[in-house]
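Trainee: Structure incoming, see below.
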Amino acid sequence: MSHREKSIEIALGRTPLSFTPPAEKITDLFASDTFSEDVMRSLLSPEALQKVENAMRGGTPMDRDVAEEVATAMRSWASSKGATHYTHWFQPLTGTTAEKHDSFFDLDSRGKAIEKFKGSALVQQEPDASSFPSGGLRATFEARGYTGWDPSSPAFLMNNGAGGKTLCIPSVYIAYTGEALDYKTPLLRSIHAVDKAATAVCQYFNRDVSRVITNVGIEQEYFLVDKALYFARPDLVMTGRTVFGHSPARGQQLEDHYFGSISTRVNAFMVDFEFEALKLGIPLRTRHNEVAPGQYECAPTFEDMNLAVDHAALLMDLMQKVAERHGYKVLFHEKPFAGINGSGKHNNWSIATDTGINLLQPTTKPKENLRFFTFLVNVIKAVHDHADLLRASIASASNEYRLGAHEAPPSIISVFLGAGLTKMLDDLMNRGEVELEKGENFYYKIGISRIPNLTRDNTDRNRTSPFAFTGNKFEYRAVGSNANSASAMIVLNTIVANQLIQFKNDLEVKLQAGEDKKVAIVDILKQYYKDSKAILFEGNGYSEEWKTEAAARGLTNITNAYEALACYTADSSVEVFEKTGVLSERELKARYEIELENYVKHIQIESRVIEDLSLNHIMSTCVKYQFKLAQTARSLTEMNMLDEAQPIKEVVSDISRHVTVIKKLVYEMIESRKKANHTAELTEKAKLYGSEVKGYFEKIRYHVDKLELLIDNEDWPLVKYRELLFIK
Ligand code: ADP
Ligand code: MG
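Using full-length UniProt numbering, read the sequence shown as starting at 1 and increasing by one per residue.
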């Protein structure tokens, strides 16, 4: 039996795991595996609790004694729940989460076994970090990086599968010299930047606002593939996507999978990981089938961004662990299958005040709507002015396959507002010079008095927009399913904070000149709107016409990740990052370097997999099958059945033609890879990989996919699309 046949047999033989939901009510279960404020309240002295809460709100750092008390409480809580180890849990720039488990167990000075977790170990650790990417920030001779406790994200217990639990302490990861080596550090800085800038702007409208919170709800799309089938596809194992595979007769054209009923086995997996997620405080609420066969989505309720981003990263890890016991592999790759939909992480972004106002929520109160328009227009302007930077924030080797392809947002950044809002903004533009009038008349005159309810039921949805306003939030849909959301959120927060600082400056100039506040605000918004109108697009983002129109509007369409990433180091980017204090120029350059290196490595691996599969799987299979055919043709010829032999001979030569081309292309690809490898300069190397080496992928695939149709199904070595997508 071939590997393919065996794997299909295993996959078909699986039965749904019977799953008993926990007995507790969800409200009791929720966050029960986290060191929550409730737990702290029961275990810490009031003074310590106060200090931790201060630190959680980004206030004063904790002193030693408090850290000691918290560590002791954490250990006793964690041990009582079965934890034996602890780790700082952090998000290095590799894109996954990192942990290094240490045991609570230790020996005291007399060699007696004890349990120990010191305050210093809670606050700071030094992982052996030389193998995490640092983009030159950390020369290997001083290969020191530190992880530091982030008290604003609660510690949690991770089930190790085979038994035992680990206390995970969300942490930042910084170099010896203090530069950020992770996602969390700049994310926290960017959240702070938004807070500062937005709170200052809020003062013009609501003096009682003392803090602005950035929220995000992250929808996660993914594919599920049976584990046995997965391991029979070396390309999935090595690259997360299929590099070959002919489209199945039935793809997603029937559109019967979207919101369709969920198969029992898939459902068991979903329910299982949802309970695990709830215990970790991840507020999962939604589950459904997605458009493509084998594709699904889950979404939690939105949260404070630092938490939401931690949760999104943790969830990916958790889903993969739970999938294991259901015989699945989760594919988080943005484009695991050609010809059908890819996957994204839709980031639903909004900002809210500590007094409970969503700053992107339109209302029926005229006065509040000036505030709403202020924030709305500033976001639009920020996206307009830094569209390329936003594009860079979602660039990766894997998202490159998705953007602009089959039912995915294009690489052109644009903003969708919906007809209602667009009309209102146009009104605002077109009314003559506004003059101050008493009472609410002012707002009526400028056309922003009452905003019809823009809840999601009546905002027109545009699924083709990379960045859409959806009632009371912006949905950034172009973020890759495999990405750490922080990357996109850092940029979005930074450009918005920067824009709000700009707005305040512009407004102050007018106020100093004695202008009325309301009139001045409206004037500035009008100007901003005029300056950024080019970024607004309501039409079909998937269409060819949009590409032409966008070009005419001067919008960029950067299809290559390596070009998009270069925007990180543009002068204008350095300026916004430095002005907002989110990343220094050195940190930005390091990040750019790391991203480019990642890009090169991914394409290099794909190229090697394509080479291996072509030569060792496909070509060898073809040769064997041709031999069978040739033997048959010879027998027929010997029997003088020449007419019967002819079509068989033709298949033999058809196969030969494809095999010849594949061999030629693979060797050319190897040569181009060598050339790229000999290129020392990283930008140039990434370009060679992204254009030349990658240029062979589709060409080779074309012939391999043709061969899939020519070779006897019994002999084809790779699990086929119909098997990967439909066996569940
Ligand atoms: P969809 O129709 O796109 O699935 P949902 O209403 O289900 O929209 O929301 C998707 C995500 O957006 C969820 O994570 C939800 O919690 C989040 N969300 C809803 N309101 C807000 C908001 N004001 N700010 C940020 N995220 C929000
Ligand atoms: Mg959505």
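Just so you know, even glycine gets a beta-carbon here, dropped at the ideal spot from N, CA and C.
With distances taken from CA atoms, which of 548, 664 and 234 is nearest residue 605?
Mentor: Checked all of 548, 664 and 234; the closest Cα to residue 605 is 234.
Trainee: Determine the direct distance from the alpha carbon of residue 34 to that of residue 171, and round the result to whole angstroms.
Mentor: Approximately 15 Å, taken between the alpha carbons.
Trainee: Can you look up residue 351 in the DSSP assignment and give me helix, strand or coil?
Mentor: Strand.
Trainee: Name the one or two DSSP bridge partners that residue 309 has.
Mentor: Answer is none; residue 309 lacks a bridge partner.
Trainee: With a threshold of 16 other CB atoms inside 10 Å of the CB of residue 125, please say whether the residue is buried or exposed.
Mentor: Looking at its Cβ environment, which holds 16 or more other Cβ atoms inside 10 Å, residue 125 is buried.
Trainee: When every heavy atom of ligand 1 is checked, does at least one fall within less than 8 Å of the C-beta of residue 346?
Mentor: Under cutoff, so the answer is yes.
Trainee: So residue 51 packs on residue 66, CB below 8 Å; how close in whole Å?
Mentor: Residue 51 to residue 66, Cβ: 5 Å. Contact.
Trainee: For residue 353 and residue 538, I'd like the C-alpha separation in whole angstroms.
Mentor: Taking the straight line joining both Cα atoms gives about 29 Å.
Trainee: Determine the DSSP secondary structure at residue 479, reduced to helix, strand or coil.
Mentor: It is coil, neither helix nor strand.
Trainee: Would you give the residue range spanned by the beta strand (DSSP E) that residue 329 belongs to?
Mentor: From DSSP, the beta strand (DSSP E) with residue 329 extends over 328-331.
Trainee: Alpha carbons only, please: which of 533, 631 and 278 is nearest the one belonging to residue 553?
Mentor: Comparing Cα positions, the closest option is 533.
Trainee: Using DSSP with H/G/I as helix, E/B as strand and the rest coil, what is residue 344?
Mentor: Here residue 344 sits in strand by DSSP.
Trainee: Would you say residue 302 touches ligand 1, meaning its beta carbon is less than 8 Å from a heavy atom?
Mentor: Yes; taking the cut-off as 8 Å, the Cβ of residue 302 has a heavy atom of ligand 1 nearer than that.
Trainee: For a quick check, are the C-beta atoms of residue 562 and residue 679 less than 9 Å apart?
Mentor: Taking 9 Å as the Cβ cut-off, residue 562 and residue 679 do not qualify as a contacting pair.
Trainee: Using 8 Å for Cβ pairs, my map puts residue 558 next to residue 388. What's the rounded Cβ distance?
Mentor: With 8 Å as the limit, residue 558 and residue 388 qualify as a contact, their Cβ atoms being about 7 Å apart.
Trainee: For residue 492, does the count of other Cβ atoms within 10 angstroms reach 16, so buried, or fall short, so exposed?
Mentor: Result: buried.
Trainee: Tell me residue 288's beta-bridge partners as DSSP assigns them.
Mentor: Per DSSP, 297.
Trainee: With a threshold of 8 Å (Cβ to nearest heavy atom), would residue 470 be considered close to ligand 1?
Mentor: Flag set: Cβ of residue 470 near ligand 1.
Trainee: Which whole-angstrom value describes the C-beta separation of residue 145 and residue 169, a residue pair presumed to lie in contact below a C-beta threshold of 8 Å?
Mentor: The Cβ separation is near 16 Å, so there is no contact.
Trainee: Grab me the residues of residue 306's own chain with a C-beta within less than 8 Å of its C-beta, minus the 5 sequence neighbours each way, in chain order.
Mentor: These residues qualify, in order along the chain: 150, 152, 153, 184, 187, 188 and 191.
Trainee: Strictly under 9 Å for the Cβ-Cβ distance: is residue 43 near chain B by that measure?
Mentor: Within the model displayed, chain B is absent; a lone protein chain is all it includes.
Trainee: Beta strand (DSSP E) containing residue 146: first to last residue?
Mentor: Per DSSP, residue 146 belongs to the beta strand (DSSP E) from 145-149.
Trainee: Opposite residue 86 in the DSSP bridges: which residues?
Mentor: Answer by DSSP bridge pairing, in chain order: 102 and 167.
Trainee: Are there three or more Cβ pairs, one per stretch, closer than 8 Å when the stretch 217-227 is compared with the stretch 343-351?
Mentor: A contact exists between the stretch 217-227 and the stretch 343-351.
Trainee: Taking the CB atoms as reference points, tell me whether residue 199 and residue 87 lie closer together than 9 Å.
Mentor: No, these two residues do not count as a Cβ contact at 9 Å.
Trainee: With H, G and I counted as helix, E and B as strand and the rest as coil, what does DSSP make of residue 214?
Mentor: Strand at residue 214.
Trainee: Give me, in chain order, the residues of the same chain whose beta-carbon lies closer than 6 Å to that of residue 395; leave out the 5 immediate sequence neighbours on both sides.
Mentor: Within the same chain, residue 395 has close Cβ partners 561, 564 and 565.
Trainee: Going by other Cβ atoms of all chains shown within 10 Å of its Cβ, with 16 needed for buried, is residue 314 buried or exposed?
Mentor: Answer is buried; the Cβ neighbour count reaches 16.
Trainee: By the 10 Å Cβ neighbour count, where 16 or more other Cβ atoms means buried, how is residue 279 classified, buried or exposed?
Mentor: Label assigned to residue 279: buried.
Trainee: Taking its Cβ as the centre, do 16 or more other Cβ atoms sit within 10 Å of residue 729, making it buried, or is it exposed?
Mentor: Here the chain covers residues 1 to 728 and nothing more, so residue 729 does not appear.
Trainee: What is the DSSP secondary structure of residue 629, counted as helix, strand or coil?
Mentor: If DSSP states are grouped into helix, strand and coil, residue 629 belongs with the helices.
Trainee: So, do the stretch 469-485 and the stretch 395-404 have three or more beta carbon pairs nearer to each other than 8 Å?
Mentor: The stretch 469-485, when compared against the stretch 395-404, does touch it at the 8 Å Cβ threshold.
Trainee: Would you say residue 711 touches ligand 1, meaning its beta carbon is less than 8 Å from a heavy atom?
Mentor: Residue 711: no, Cβ never under 8 Å from ligand 1.
Trainee: Using the Cβ count rule (16 or more neighbours within 10 Å means buried), how would you classify residue 6?
Mentor: Exposed: under 16 other Cβ atoms inside 10 Å.
Trainee: Cβ of residue 295 within 8 Å of any heavy atom in ligand 1?
Mentor: It does not: the Cβ of residue 295 is nowhere closer than 8 Å to a heavy atom of ligand 1.
Trainee: State yes or no: is the C-beta of residue 172 nearer than 8 Å to some heavy atom of ligand 1?
Mentor: No; taking the cut-off as 8 Å, the Cβ of residue 172 has no heavy atom of ligand 1 nearer than that.
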